[in-house]
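Notes to accompany the following structure.
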Amino acid sequence: MGLTRREFIKLCMSSTIGASLISILGPEMEKTLAYAADGKPPVIWLQGASCTGCSISLLNSVDPAIEKVILDVIGLKYHPNISAGAGHHVVEVLEEATAKYRDQFILVVEGGIPTKDKGIYCTIAEKNGKELTMLKAVTTLGEASQAVIAAGNCAAYGGIPAGVPNPTGVVGVDQVVKKKPVINISLCPMHPDHFLGTVVYVLKYGQIPELDRLGRPKMFYPGPIHDRCSRRSYFDDNKFARHISGEGCLALLGCKGFIAMSDCDKRGWNNNTNWCIKAGAPCQACSEPNFPDECEPFYGVYPLTNKKKIDYPALVPNLKTEIVERVK
Amino acid sequence: MAQKVIIDPVTRIEGHLKVEVEIENGKVIDAKTSGTLFRGFELILKGRDPRDACHIVQRICGVCPVSHGTASMLCLDDAFGVTPPPNGRIVRNLIQGANYLQSHILHFYHLAALDYVKGPDTAPFIPRYEGDYRLPKEINDKAVEHYIHALTMRKKAQEMLSIFGAKMPHVTVFTAGGVTEGVTAEKINQFREYLREITAFVDHVYIPDVLAVAEVYGDDGFSIGTGCKNMLAYGGIRLTDEADPDGQKQLFKRGCYINGNFETMDKNKITEQSKYSWFEDSTTDKYPGEGATVPAPGKSGAYSWLKAPRYDGVPCEVGPLARQWVNKQKDVLGLGDKAFSVLGRHFARAIETSQVAHAMFEWLGHLVPGQPTFAPFDIPKEGSGVGLHEAPRGALGHWITVKNYRIDNYQAVVPTTWNGAPRDDQGQLGPMEQALVGSPVKDPDNPFELVRIVRAFDPCIACAVHVLDVKGVAKDVKRFII
Chain D
1 MGLTRREFIK LCMSSTIGAS LISILGPEME KTLAYAADGK PPVIWLQGAS
51 CTGCSISLLN SVDPAIEKVI LDVIGLKYHP NISAGAGHHV VEVLEEATAK
101 YRDQFILVVE GGIPTKDKGI YCTIAEKNGK ELTMLKAVTT LGEASQAVIA
151 AGNCAAYGGI PAGVPNPTGV VGVDQVVKKK PVINISLCPM HPDHFLGTVV
201 YVLKYGQIPE LDRLGRPKMF YPGPIHDRCS RRSYFDDNKF ARHISGEGCL
251 ALLGCKGFIA MSDCDKRGWN NNTNWCIKAG APCQACSEPN FPDECEPFYG
301 VYPLTNKKKI DYPALVPNLK TEIVERVK
Chain A
329 MAQKVIIDPV TRIEGHLKVE VEIENGKVID AKTSGTLFRG FELILKGRDP
379 RDACHIVQRI CGVCPVSHGT ASMLCLDDAF GVTPPPNGRI VRNLIQGANY
429 LQSHILHFYH LAALDYVKGP DTAPFIPRYE GDYRLPKEIN DKAVEHYIHA
479 LTMRKKAQEM LSIFGAKMPH VTVFTAGGVT EGVTAEKINQ FREYLREITA
529 FVDHVYIPDV LAVAEVYGDD GFSIGTGCKN MLAYGGIRLT DEADPDGQKQ
579 LFKRGCYING NFETMDKNKI TEQSKYSWFE DSTTDKYPGE GATVPAPGKS
629 GAYSWLKAPR YDGVPCEVGP LARQWVNKQK DVLGLGDKAF SVLGRHFARA
679 IETSQVAHAM FEWLGHLVPG QPTFAPFDIP KEGSGVGLHE APRGALGHWI
729 TVKNYRIDNY QAVVPTTWNG APRDDQGQLG PMEQALVGSP VKDPDNPFEL
779 VRIVRAFDPC IACAVHVLDV KGVAKDVKRF II
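In order, the protein sequence lines correspond to chains D and A. Counted from 1, the first sequence has number 315 at position 315 by my numbering; the numbering is strictly sequential. Counted from 1, the second sequence has number 561 at position 233 by my numbering; the numbering is strictly sequential.
Dropping the structure here:
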C-alpha cells in the first residue's frame, strides 16, 4: 500500500524548496490513481459567492498536471467552468449525484454562501421556473455527500464577500453543513498543492487528515509564516524595510506573517516561482478567518490598533513620512 | 406561438449567467440576459484604507484579477498624485501582458472550444448540447490534444506572471506608485524563456486552431451574433512615462466606432440609463461618476440589476474585437462586416494574443535591473481618481473618492456591464441581446447556437454582479455598483 499515513504527512510537511509537493508525491499519485481507476470517486464542484480564482489556481497544479486529475483521478461530474453541458444538464447531474452516489461523492465548494434573504443573492441553476440557490444546493448536496472540501478562504470562512458590512450575509460551508465533515483549504485563492494533497489523502486512506482547530489539514498549516520566513533574520537583527521594495523585514510595511499559518514560505506559488514576502509584498494573512477585516489595513502595522473597519480614525499610514519616523 | 428557452446556468464562463430567449419559426425574436450572483463589493470597499482597494478589487474576478488590480492602481495613482518610475510601469505592463496571454488562451480552449470540438465521452465533457460537431475526426482529435496542451501553456503564463507578480491569482505586489517586486537580470531572463515558449504556442497552435475552426464553421459562424456594431475602447497598457490624457500612447489606443464612423472617445459622452433596470427613473442618463444609484426592486418593466451604459446614446460592444477594430488592425478590419460575428470575435482575440506576446519582448528590453519600481506617496485627506483600462474582456473603469483618508465611494463599470446591458430608455437592446436576436435555433433542446454567441463575448459575470434575477429580490438592497 506504499506510504504509511505518517510517512505521507511527513512528506507533505517536509517538501523542500524548489520542488512542489505533488512532484514528490508523484509515484503515490500514480498508485492512488490505479487504485481508484475502476470506480473513480465522483466529485461535484459548486461555485457560490466566488471569483473563480480557486478553480483557476487548481488549474495551476504542476504534477500531476491538472488534466490527469480531471480525466483519470477523479470523476468530475460537474464543474461550472469546465463542464461541456449547460442549463438543464446541470440540474440533472446534481439530482443524479444525490440519488445515485449518496454518501459517496465528494462535494467541493468554492466561494462563500450568501444566507441573507434566503440566499437569493446567488442562484446556481433553474428548473421548471424554480431557482436553486447556492444555500439550498450546499445544504442538500452537503448532507448527501461523503465529505465536503471548502476550497479557498470564502468557502472556509466567508472571505472578502463576508467583509464588513457583509452585504449578502455570506458564511463559510461549516455554518451550513453540520452533519458531514468539512475540510477547510483556506488561502485566497487556495493553493493547488493543499487541495490535491488533501484529495489524495482522502482517497488513499479513506479518511480525512488531521485538522487544526480551524478545520484545516495540519500538514499544510504548520504554524506562523513568521517562524520560518526567509526574511526572519532581518527581523532578528532589527533590520526593517522602510519603504516598499526596500530591504529588510516587512513588519513595518504591514506584514501579517505573524498570524498566517500557511506553509507558503516553503511551497511558494505557481510552481514555486515566487511568493508574496519574497517579492516584497507584505503578507495579508489570507489563510486566516480574520481575513480581510482584521488584517486591514494591509499596510497597517501588526498588531493592528484599529480592528474595526468603519470606525478607525484616520490612521497614518503614509509611507513617505510616517513609517520612516516610526523606525527612527 | 413563440417558444421560451431558458439556459440557466450558462457554463464555461466566469460567473453566474442566465439567458432567456423567445424563439419563433426557428429564430430568436427576443433575448434577455441576467447575472445571478451579487456580492456588493462597493459596500465592502467603503470605509477601508484606499491603498487596500487594489487588493480587494482583485477578488471581483479570479480569471483576470490583474485587470481590476491595474484599473484600481491607476485610479489610486491619480488620486494620490503619484507616477510610478519607468521600471514600475513596465513591470505592471508585463504582468498585464502575461494575464492577457493566460486569459485569452483559457477562453478559447477551455471555455469556448467545446462548442466546436467534441470532447471525450466522459464527465465533465458529457452531457453536452449535441447536434453540430462538424470538425473532421483528425482535426477534432488534434484539437482535443491542444485543449490539454493549452492547459500547460496558460499555467506557464501564470508562472511567468508570478516572476514579477508574486502569486496568481490575486497578485500581491500591486500598490499605488508602482509594484513591490524589484527587477534583476535573472528575472528578465527567466521571464523571456517563458515568453518564447508561450509565443510559439500562440503563433503556431492557437491561431491555426482558430483558423481551422473558422474554416469548418465559417458558413454560419461569420454571420451569427452580429450585435450592435458600435465599438468602444478606453485604451490600455501605457507605453510611455509622459502624461497621456488622450490615451493615444498605449498599446491599445482609446477610441470608438459609432454608426459606421471612427471617432475619438470623449468620456463625458458616457451615460448610464436605467428604465429597464431596478433603479429609480430619476437616476437615469447620468455620467457614471455623477450618477446616483437608488434601487427600486420590483420596478415595473425592469428585468436587470445592470444599468445600460451608452455612449452618445447608443449601445457599444467592448472587448478584443472592439479594441482591434478601433485600432484598425488590418487583419480584423480586412474581415469587413464578417468581423461582427461569433468567429470574428474569436479571431480578433487570437490576433490580439499574438500582438501582446510580441510587444512584451520589447518591454522586457526596456527594463533596467536595479532601478526602482516604486515611487513613494502620501495618502491625501481628500481626493478622487479615475482609472481607465482595457481588461482582456474590454473597457474597464474604476472611480474612487477619498474622504478623511478613507474610501468614501468606489465604483467600477466593467466590460460585461457594456456587453451584457439590458435595454435602455429608448428600448434599444444591449449588445449581447442584439447578438442573440435573429440567431437561428435548430433544436430548442440543444441550443448550441445561443451558447456560442454568448461565450464569444467572454462574459465575466462576477464582475457585473449588480445583475440579479427579478424574482424574490430583497427589499433592503442598498446602493451598489460592483
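Where is the CB? At the ideal position from N, CA and C, for every residue including glycine.
Query: Is it buried or exposed, A/Leu661, if we count other Cβ atoms within 10 angstroms and call 16 or more buried?; Result: exposed
Query: Would you please verify whether the beta carbon of A/Thr592 is less than 8 Å from any beta carbon of chain D?; Result: no
Query: Against chain D, which members of the region 498-518 of chain A pass a CB distance test of less than 7 Å?; Result: His498, Thr500, Val501, Thr503, Thr508, Glu509 and Gly510
Query: Hey, how far is the Cα of A/Thr503 from the Cα of A/Ile728?; Result: 15 Å
Query: CB-CB under 7 Å to A/Ser669, same chain, minus the five flanking residues each way: which ones, in chain order?; Result: Gly549, Phe550, Ser551, Ile552, Gly553 and Thr554
Query: DSSP on D/Asn306, reduced to helix/strand/coil?; Result: Annotation note: pLDDT 44 at D/Asn306 (below 50); position unreliable, coordinate value reported separately. D/Asn306: coil per DSSP, three-state reduction.
Query: Give the straight-line distance between the Cα atoms of A/Lys355 and A/Glu761, rounded to the nearest whole angstrom.; Result: 14 Å
Query: Between the region 450-460 of chain A and the region 734-752 of chain A, do three or more beta carbon pairs fall short of 8 Å?; Result: no
Query: Give the straight-line distance between the Cα atoms of A/Arg420 and A/Thr398, rounded to the nearest whole angstrom.; Result: 8 Å
Query: Measure the Cβ-Cβ separation of D/Ile113 and A/Arg387 and say whether it is below 8 Å.; Result: no
Query: Answer with buried or exposed for A/Pro697, where buried requires no fewer than 16 other C-beta atoms within 10 angstroms of its C-beta.; Result: exposed
Query: Is the region 414-432 of chain A close to the region 728-741 of chain A, with three or more CB pairs under 8 Å?; Result: no
Query: What are the boundary residues of the alpha helix (DSSP H) that A/Cys403 is part of?; Result: Pro393 to Phe408
Query: What does the Cβ neighbour count give for D/Glu7, buried or exposed, with the cut at 16 atoms within 10 Å?; Result: exposed
Query: Rounded to whole angstroms, what's the CA-CA distance from D/Ser186 to A/Asn558? Just pull it up for me.; Result: 43 Å
Query: Give me the Cα-Cα distance between A/Pro772 and A/Ile781, rounded to the nearest whole angstrom.; Result: 15 Å
Query: Does the contact criterion of 3 or more C-beta pairs under 8 Å hold for the region 680-687 of chain A versus the region 701-708 of chain A?; Result: no
Query: Using the beta-carbon of each residue, which ones in chain D are nearer than 7 Å to A/Val836?; Result: A query on residue 836 of chain A cannot be resolved here, the shown segment of chain A reaching from 329 to 810 and no further.
Query: Report yes or no: do the region 468-478 of chain A and the region 442-449 of chain A share at least 3 C-beta pairs separated by less than 8 Å?; Result: yes
Query: In chain order, what residues of the region 100-112 of chain D put their CB closer than 7 Å to some CB of chain A?; Result: none
Query: Determine the direct distance from the alpha carbon of D/Ser83 to that of D/Leu141, and round the result to whole angstroms.; Result: 18 Å
Query: In the DSSP assignment, find the alpha helix (DSSP H) that holds D/Leu203 and state where it starts and stops.; Result: Pro192 to Tyr205
Query: Can you find a C-beta in chain D that's less than 8 Å from the C-beta of A/Glu600?; Result: no
Query: Using a cut-off of 7 Å between C-beta atoms, extract the partners of D/Glu296 located in chain A.; Result: Arg376, Asp377 and Asp380
Query: Please list, in chain order, the chain A residues whose beta carbon lies closer than 9 Å to that of D/His243.; Result: Phe702 and Pro704
Query: If we cut at 8 Å on Cβ distances, does A/Arg638 have a partner in chain D?; Result: no
Query: List the residues of chain D that A/Lys483 touches, going by C-beta distances under 7 Å, in chain order.; Result: Leu59 and Asn60
Query: Going by DSSP, what residue range makes up the beta strand (DSSP E) through A/Gln601?; Result: Ile598 to Gln601
Query: How should A/Gln486 be labelled, buried or exposed, when 16 other C-beta atoms within 10 angstroms of its C-beta is the threshold for buried?; Result: buried
Query: Using the C-alpha atoms, what's the distance from D/Asn166 back to A/Gly368?; Result: 8 Å
Query: Mind the definition here: the region 94-104 of chain D touches the region 230-242 of chain D only if three or more C-beta pairs lie below 8 Å; say whether that holds.; Result: no
Query: Can you list, in chain order, the residues of its chain whose CB lies under 6 Å from that of A/Glu690, leaving out five sequence neighbours each side?; Result: none
Query: A/Thr339: buried (16+ other C-beta within 10 angstroms of its C-beta) or exposed?; Result: buried
Query: Excluding the 5 residues preceding and the 5 following A/Arg783 in the sequence, name in chain order all residues of the same chain whose CB lies nearer than 7 Å to its CB.; Result: Arg340, Ile341, Leu439, Ala440 and Asp443
Query: Check for me: the beta strand (DSSP E) holding D/Lys130 runs from which residue to which?; Result: Lys130 to Thr133
Query: What are the boundary residues of the beta strand (DSSP E) that A/Trp727 is part of?; Result: Gly722 to Lys731
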